[in-house]
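Written out below as structure tokens is the structure these notes cover.
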Amino acid sequence: MSIEPGVMLTGMLVIGYLCQWLAWRVKLPAIVFLLLAGLLLGPVSGLLHPDKLLGPLLFPMVSLAVAVILFEGSLTLRFHELPGIGGAVRGLVSYGALLALLLLAAAAHVVAGAAWPIALLFGALTCVTGPTVIAPMLRTLRPNARIANTLRWEGIVIDPLGALFAVLIYEAVVSHQEGHTLGVFVATVGCGALVGALAALLLGFLLRRQLIPEYLQNYGVLAAVLLAFTGSNAIAHESGLLTVTIMGIALGNMRGVHIDDILDFKEHLTTLLVSLLFILLAARLPWPLPGHLLWEGLVIFLFAQFAVRPLTVVIASFGSALNWRERALIGWVAPRGIVAASVSALFALRLQALGVAGAEVLVPLVFILIIGTVVVQSATARPLAWWLKVAEPEPHGVLIFGADAVARGVGRALHDAGFRVVLADDDHDGIRRARMEGLNTFFGNPASPHAERHLDLAGIGRLLAMSTHRERNTLACVHYRPEFGREKVYRLRVLAPEESTGRVALADKLLAPPLFDDTMTHARFAELLARGWRIKSTRLSSTFDWSHFIGQYGSNSVLLFGVEERGTLRVASAKRELEPRPGWMVIVLVPPESAA
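Per the UniProt record's numbering: the sequence shown = residues 1 to 596.
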């Protein structure tokens, strides 16, 4: 069956979006659905033939897409964060990763009969996890904070480092295949590192001096990345991937260069590229797999799951503060992701073109390991966490969107009541003040792709959208309503009911219930605080109940929250009026004359 190229490309875009949407709904990594979609479109149904569809453009398109993916991943490696990630993470991303690389390479060589160069490349590609697969799994898994932080930081740090390992081994394989000497290999690596560093310095200079207008910065950075990639390849064959990796690491650690907007753009672009790339690459897989590759891949997956990962965790976490239960869960969870799939396919294309023996086994073995780790670990990690007693109980923490005086006051009161609170905002001054007050913070929009990777939601189960931006509050509510549930997402009005148009008011009511009483808006709350009102917490009893509290502090006091005896947080809302009972702790906004 022949389908026009335009129709096929459009269909791939739509299917890629549906895979991403489905992954968001079921809280699983999108890579699984993208790979399955590619298998169904390619080898199963025969509808998609990437080599026929793109012809000679296939390799350049894959190369450029992988270059952007590697650059985006490398931007997230911040050297100043490395000293604080803990001994277990440092072990996992250094000698633990090297041990996993060697063990996985040995498995590919012994089980699948891969030549050592291909086996070592397989080990380098599959010894890494990644934030794009770890973050969705952690949201379903909900382990304790130490496990969540260890897995999250491992994925963030090892993603670009793993790419660097893989690129270096690939350069060595290509140099050996083409008969190059060690000097040529060193020159290739040196050229990639030098061009990447120079490109980062030049781009950083232009950005720091604001010589690129803000509306052109994303375009300019993308053009610079692709120019550095192709230019480096022209100077020294196959050095481009190392160039963009070094370029991303250097730019991400450059002082005085604001890259948050660039990173957001690259994350959006990477989502698009990954969706198309994985469908294309999975569609190229032969099915059924030649020889015994399927069974050999399953054996390697079992070896990786039950031997390699537990052993590396035990060795890497020796002497750390993690107990055996926490190590056991970390030793079970290690899903592979974007770097392994995309880079392996590119390497396989190039190595097959060079005539490297056994290069055709690389992609099937990598894809089997990816699908196996993601599916098995997603299905079993949560029950295992409960059995090991390292899972968080029902999340009672609160994510607050906003960091001004109103949000900080509410966050501080909830924090003092024993709840985990995270304030998220892109207001630098507000976030700085919140940190000085001892509150957990996240600098950025909590509904952004950057937050998907870096915002730690362990123990968080509610959203209070309290920023001064009505539209962004709306976006946050839409984003977190499937995550937390419709009844656990609230917003603080920016406009009073009489100021809202009929359509806006109806949309807001359908979106999330408004916080506190019918008249409370952000501006009114801020005004009351400025006039001396204070947020007060009091434990009620049979001798001092809610009526006594109102009698002492005034009927104009505004009830904000109630905390039941068993620790459940109850949120006062215009849709849900609370009736505090003896034994509850009440958090109330009281007038100045009675706040003492």
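Glycine included, C-beta positions come from ideal geometry on N, C-alpha and C.
A quick note: this is a predicted structure, and the numbers were derived from the prediction, not measured.
- Counting along the chain, the unbroken alpha helix (DSSP H) around I69 starts and ends at 58-75.
- When the alpha-carbon of L369 is set against those of R309, V421, A391, the nearest one is in R309.
- Per DSSP, R453 is one residue of the alpha helix (DSSP H) stretching across 449-454.
- The C-beta of L216 has fewer than 16 other C-beta atoms within 10 Å across all chains shown, which makes the residue exposed.
- F443 and G402 have their C-alpha atoms roughly 10 Å apart.
- Check the Cα spacing between F59 and each of R576, S344, L311: the tightest is with S344.
- With 16 or more neighbouring CB atoms inside 10 Å of its own CB, F419 falls in the buried class.
- Comparing alpha-carbon positions, the option among P136, L202, Y95 lying closest to F165 turns out to be Y95.
- Each of V478, V374, L388, I535 was checked against the Cα of F301, and the nearest Cα belongs to V374.
- Within the DSSP secondary-structure output, G562 pairs in a beta bridge with R570, V586.
- If you ignore the 5 residues before and after V93, its C-beta comes within less than 7 Å of the C-beta of E154, V157, I158, L161, all in its own chain and listed in chain order.
- Contact check between the segment 49-64 and the segment 318-332: fewer than three CB pairs, one atom from each, fall below 8 Å, which does not count as touching.
- Rounded to the nearest whole angstrom, the C-alpha separation of T441 and D426 is 10 Å.
- Here L464 is near V410, since their CB atoms are less than 8 Å apart.
- With respect to the 8 Å criterion, A97 and V128 are classified as neighbours on the basis of their beta carbons.
- For the pair of segments examined, the segment 226-234 was found not to touch the segment 271-283: the number of CB pairs separated by less than 8 Å stays below three.
- DSSP, read as helix, strand or coil, puts I3 in coil.
- Pairing L138 with A145 gives a Cβ-Cβ distance that is not under 8 Å.
- Contact between L589 and W533 holds, with the beta-carbon distance rounding to 6 Å and staying under 8 Å.
- Residue pairing from DSSP places G397 in a beta bridge opposite I460.
- In the DSSP assignment, V421 falls within the unbroken beta strand (DSSP E) covering 421-425.
- Where S537 is concerned, the enclosing beta strand (DSSP E) starts and stops at 534-539.
- No Cβ-Cβ contact shorter than 8 Å links A385 with L475.
- Partner residues in the beta bridge of L515, as assigned by DSSP, are S573.
- Cβ-Cβ separation between A108 and A119: approximately 4 Å, consistent with a contact (criterion under 8 Å).
- By the C-beta density criterion, D404 is buried, having at least 16 other C-beta atoms within 10 angstroms.
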